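Our numbering numbers the first residue of the sequence shown as 1 and each following residue consecutively.
Where a beta carbon is used, it is the ideal one built from N, C-alpha and C, also for glycine.
Treat the numbers as computed from the prediction; the structure is a model and nothing was measured.
Remarks on the structure that follows.
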Amino acid sequence: MISDSFVKLLNQHVDVFNFVTVFRGTDLDKLDLRYIKNIFAPGFSVVPGTHPKNYKLFKDINRLKDFRFYPAGCSYQHFHPSDGSFENRLYDAKSISFLKYLNELFGPLPVRDKKIEQLMSSLSVSSIYSGDLVLFDPDLIDSPYKGINKIESLAFSVQHKEKYIDQSISIIKALISALPETKIYITFHGEENLVTDKIKQFANEYSIECVPLSGSSQQLDFYNSIDFHVGYRLHGHISFLRRRKPSILFVEDARAYGFAKTESTSLGCFQAMDGDKVSDNIEEEALAFIRKSLSSNFMEYEGLFRFIDSQYYEVIEPYFSRLGKMI
Numbered sequence: 001m002i003s004d005s006f007v008k009l010l011n012q013h014v015d016v017f018n019f020v021t022v023f024r025g026t027d028l029d030k031l032d033l034r035y036i037k038n039i040f041a042p043g044f045s046v047v048p049g050t051h052p053k054n055y056k057l058f059k060d061i062n063r064l065k066d067f068r069f070y071p072a073g074c075s076y077q078h079f080h081p082s083d084g085s086f087e088n089r090l091y092d093a094k095s096i097s098f099l100k101y102l103n104e105l106f107g108p109l110p111v112r113d114k115k116i117e118q119l120m121s122s123l124s125v126s127s128i129y130s131g132d133l134v135l136f137d138p139d140l141i142d143s144p145y146k147g148i149n150k151i152e153s154l155a156f157s158v159q160h161k162e163k164y165i166d167q168s169i170s171i172i173k174a175l176i177s178a179l180p181e182t183k184i185y186i187t188f189h190g191e192e193n194l195v196t197d198k199i200k201q202f203a204n205e206y207s208i209e210c211v212p213l214s215g216s217s218q219q220l221d222f223y224n225s226i227d228f229h230v231g232y233r234l235h236g237h238i239s240f241l242r243r244r245k246p247s248i249l250f251v252e253d254a255r256a257y258g259f260a261k262t263e264s265t266s267l268g269c270f271q272a273m274d275g276d277k278v279s280d281n282i283e284e285e286a287l288a289f290i291r292k293s294l295s296s297n298f299m300e301y302e303g304l305f306r307f308i309d310s311q312y313y314e315v316i317e318p319y320f321s322r323l324g325k326m327i
């Protein structure tokens with residue numbers, strides 16, 4: 001989804017763009033790169049030890065100088081949704097040196113939330129807040145938003161971690177009770193596992209349809225016909241915002257935490273953790289938000305969508321315009 005968004009944004013500025021997609025963990029030393037000029041890294045991770053743990057790139061990282069390397073929408077991962085997950089003490093000297101080396105090659109790193117930008121600043125690594133690339137669909141920028149006065153369909157995206165199973169079931173039950181006329185679907189963004197098996201068992205008891213969405217980003221076209229999203233998957237949430245649709249996100253990890261702690265994208269975000277334990281009142285908070293939002297036809301989201309538009313024109317479009325002229 002991130003890569004497809006990157007390609008679509010770049011295609012606005014280049015007539016012919018031929019590329020080969022390789023997994024981030026691929027050892028580039030083993031590839032024939034004689035005819036390659038550019039290496040693009042959409043969603044590039046800036047976590048400690050990202051090279052060579054997450055991105056092998058080249059064993060001798062100085063080989064990057066032989067190419068034009070473009071990270072975009074840089075990400076950060078940690079299992080715990082808290083400020084403590086964004087502390088610079090987690091980085092060793094080698095990790096910091098690598099990120100500063102990328103500054104030398106590329107300039108400021110475009111990052112997808114404000115927590116990452118603050119973290120990079122504390123490391124004396126230059127960065128700029130760009131936002132997650134999936135937020136920006138050139139075909140939908142400046143689209144009018146009229147709100148919704150009735151939720152006819154709702155997608156609930158299932159979490160990563162087993163510890164949220166009871167919480168997510170409690171939320172779905174609350175949604176069924178509060179929205180009896182709404183068609184509810186449960187969506188699986190990842191491969192099916194113990195978590196999805198338990199959720200599927202619950203869904204069968206309540207005759208709720210489960211929809212697998214892992215694989216290509218085209219799977220998410222399912223959301224085109226859905227009014228509202230509630231759930232744990234960050235890119236489920238972002239997919240709805242991209243489509244100019246309201247969404248609620250339950251923050252289960254540092255990726256979602258950074259998104260929620262970015263003031264301009266914090267709307268509709270609720271903490272799934274209460275300190276070190278799973279929150280036990282999140283469904284009440286979410287339902288109160290839904291009731292209030294329904295009374296205003298969810299028009300509070302208009303400000304968030306205007307922000308996406310302004311960020312597109314101020315940061316995203318100029319970035320890809322420059323990129324298109326350089327490749």
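- Residues 88 of the same chain have their beta carbon placed closer than 7 Å to that of residue 122, with the five preceding and five following residues left out of the count.
- In the three-state DSSP reduction, residue 19 falls in the coil class, being neither helix nor strand.
- Following the DSSP letters along the chain, one finds residue 229 inside the beta strand (DSSP E) bounded by residues 228-231.
- DSSP places residue 79 outside both helix and strand once states are collapsed to three, so it counts as coil.
- Using a Cβ distance threshold of 7 Å, residue 74 and residue 14 do not count as a contacting pair.
- Note: residue 277 is bridge-paired with 274 in the DSSP secondary-structure output.
- Of the residues 253, 285, 292, the one whose Cα lies closest to the Cα of residue 275 is 253.
- Burial check for residue 117: the Cβ neighbour count within 10 Å reaches 16 or more, so the residue is buried.
- Taking 3 residues as the minimum length, the beta strand (DSSP E) runs contained wholly in the segment 131-166 are 153-157, in order along the chain.
- Assigned with DSSP and collapsed to three states, residue 304 falls in helix.
- For residue 178, the closest of 290, 147, 160 by C-alpha to C-alpha distance is 290.
- Nearest to residue 19 by C-alpha distance, out of 33, 65, 140, is 33.
- Judged by their CB atoms, residue 115 and residue 136 are not nearer to each other than the 7 Å cut-off.
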